[in-house]
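Note sheet for the following structure.
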């Protein structure tokens, strides 16, 4: 067996023994392994059985508030964050909670699904969220099609603050 094939086979065997995975796509190898500790949520308050819903900017709306957050700043979508075009994802919560603008929250189900720590900041609210308390979180998505994604429409998620 040629030397290059031997070393590649050895690397694959070692990675398998260590519990790491490697995938080959179109002749290129990608490492899909990750440290589960990277996905842990910091915080000391946990809310369970939280319903996640999606909303999107309405650029054709009559009001500037249709495509900006509570302080008329740009909405950052989940897809922009995943594409490394945004520093965080804008989320909305019940206005009665009076969660301080910019408060970071963590949803472990999103971290596990996307295999990375999804940074979420509470920067928005809507009258539809009133009375939902900590049982509902609205996640900003890019398009209407994105709003139908099952991962942003979970019935029983966990929120760590």
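Residue numbers (mature numbering (1 follows the signal peptide of the UniProt record, and there is no 0)): -27 to -1, 1 to 134.
Note that CB positions come from ideal geometry on N, CA and C, so glycine has one too.
Next item on the list: Spell out the partners DSSP gives residue 94 in its beta bridges.
Entry: As a working note, residue 94 is residue 121 in the chain shown. Paired residues: 63 and 77.
Notebook entry, point to check: On the premise that residue 28 lies in contact with residue 75, defined as a C-beta separation below 8 Å, what is that separation, rounded to the nearest angstrom?
Noted result: If you number the chain shown from 1, residue 75 lands on position 102. If you number the chain shown from 1, residue 28 lands on position 55. Here residue 75 is actually not in contact with residue 28; their C-beta atoms are around 18 Å apart, not less than 8 Å.
Check: Do you know whose CA, among 33, 110 and 128, lies nearest residue 77's CA?
Finding: On the chain shown, residue 77 is found 104 positions in, with the first residue counted as 1. The residue among 33, 110 and 128 with its C-alpha nearest the C-alpha of residue 77 is 110.
Next item on the list: Apply the 10 Å Cβ neighbour rule to residue 96 and answer buried if 16 or more other Cβ atoms are within range, or exposed otherwise.
Entry: The residue labelled residue 96 in the question sits at position 123 within the chain shown. Around the Cβ of residue 96, a 10 Å sphere holds 16 or more other Cβ atoms; the residue is buried.
Next item on the list: Could you tell me the distance, in whole angstroms, from the CA atom of residue -3 to the CA atom of residue 73?
Entry: What you label residue -3 is simply residue 25 of the chain shown in a count that begins at 1. What you label residue 73 is simply residue 100 of the chain shown in a count that begins at 1. Its pLDDT being 42, under 50, residue -3 is placed unreliably in this model, and the value from its coordinates should be taken loosely. Pairing residue -3 with residue 73, the inter-Cα distance amounts to about 44 Å.
Notebook entry, point to check: Counting along the chain, where does the beta strand (DSSP E) carrying residue 111 start and finish?
Noted result: Taking the first residue of the chain shown as position 1, residue 111 is located at position 138. Where residue 111 is concerned, the enclosing beta strand (DSSP E) stretches over 109 to 113.
Check: Who are the Cβ neighbours of residue 43 in its own chain at under 7 Å, not counting the five residues just before and after it?
Finding: Taking the first residue of the chain shown as 1, we reach residue 43 at position 70. Counting only Cβ-Cβ distances below 7 Å, and skipping sequence neighbours, we find 74, 96, 97 and 98.
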